[in-house]
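Residue numbers (my numbering): 9 to 165.
Where is the CB? At the ideal position from N, CA and C, for every residue including glycine.
The next block holds one structure in the form of structure tokens; read it before the comments.
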């Protein structure tokens, strides 16, 4: 039951973030041809059609993650919820690892990550942040699934 509550909370937070990005996309005021912005890793053309299409899509996906997925998770057995959480943890770890490697190997002078939440100026800051992302990725790929498995095995004894 705890794993279902945890998974529901995580899915709701992700859903709310996607809704926020959808609203931020709809509020973009700049318009132009052959111009775009990156939201959630997707290049969005800054035209009326592109902004409305992607903004509404993000809001719908976020709403589904906030309302519908927790309902589906509550119907699954704890074992499957643990497996899904471990898979999601591995996916997050792989993304963090890819970001870390990109930060270490990139020759760009400045980078903005996570929709402007993290702004890195200079190669030293990028390398340091990349070096910090790699152990974090290892934790998400190895440690968190192991703890989920260990917790799941204990709860069945």
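Would you list the residues sitting across from residue i in a DSSP beta bridge?
| i | result |
| --- | --- |
| residue 21 | Looking at the DSSP assignment, residue 21 forms no beta bridge with any residue, so it has no partner. |
| residue 51 | 46 |
| residue 129 | 118 |
Please report how far the alpha carbon of residue i lies from the alpha carbon of residue j, in whole angstroms.
| i | j | result |
| --- | --- | --- |
| residue 164 | residue 156 | Below a pLDDT of 50, predicted positions are generally treated as unreliable, and residue 164, at 49, falls in that range; the measurement from the model is reported next regardless. If I take the Cα positions, the gap works out to 13 Å. |
| residue 100 | residue 152 | 11 Å |
| residue 145 | residue 46 | 23 Å |
| residue 94 | residue 41 | 42 Å |
| residue 98 | residue 148 | 6 Å |
| residue 20 | residue 158 | 25 Å |
| residue 82 | residue 116 | 45 Å |
| residue 92 | residue 49 | 22 Å |
Residue j and residue i - do their beta-carbons sit closer together than 8 Å?
| i | j | result |
| --- | --- | --- |
| residue 73 | residue 26 | yes |
| residue 15 | residue 89 | yes |
| residue 171 | residue 109 | Residue 171 is absent from the model: the chain starts at 9 and stops at 165. |
| residue 59 | residue 67 | no |
| residue 141 | residue 104 | yes |
| residue 24 | residue 70 | yes |
Buried or exposed: residue i, going by 16 or more other Cβ atoms within 10 Å of its Cβ?
| i | result |
| --- | --- |
| residue 134 | buried |
| residue 29 | buried |
So, with DSSP's three-state summary, where would you put residue i?
| i | result |
| --- | --- |
| residue 40 | coil |
| residue 146 | helix |
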